[in-house]
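Please read the structure below before turning to the comments.
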Amino acid sequence: RVGFVTITEVKVTSDLGSARIYFTVMGEEQVRRQTSQGLTSAGPYLRRELGKRLRLRHVPELVFEFDTALEYGNRIASLLQEIKQKEEHD
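Numbering-wise, our numbering comes out as the position in the sequence shown, counting from 1, plus 1.
Structure representation (C-alpha cells):
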C-alpha cells in the first residue's frame, strides 16, 4: 500500500541505467516503510509504463529512496528556534 507520496527529486545515471527516485510521504515510520515497499513492488510496472509512454529504447531501473532532506531541514529549524528562545530568556 502506498500513502500520499511526493516525488522530491530524480537522479538518473549518465548511462540511463538507473534512476534514483527520492520521495516523501506523510505519516509515521510504519507508513513510510509500507509506502517504500509498495513503490518498490510497483517498480517493474512503473518501469513498463514509462517505457510505453516515453518510447525509450532503454528504461532505467527504478530505485526508490525516502528523502530525509525535509526531516533534516525541519530538525535544523527546530534547533535554531530553541537557540533563539534561550537567547531571548537570557
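All C-beta atoms, glycine included, are put in the ideal place defined by N, C-alpha and C.
Asked, Found
"Proximity test, Cβ basis, 9 angstroms: PHE5 and chain D", "The structure shown contains no chain D; it is built from a single protein chain."
"GLY44 and VAL26 closer than 9 angstroms at C-beta", "no"
"GLU66 - partner residues in DSSP beta bridges", "TYR23"
"Any 3 or more C-beta pairs closer than 8 angstroms across the region 8-28 and the region 61-79", "yes"
"Distance between VAL60 and ARG49 (C-alpha atoms, nearest Å)", "8 angstroms"
"Cβ neighbour criterion (16 or more within 10 Å) applied to THR7", "exposed"
"For GLU10, the residue or residues it bridges with in DSSP", "TYR23"
"Euclidean distance between Cα positions of SER79 and GLN35", "27 angstroms"
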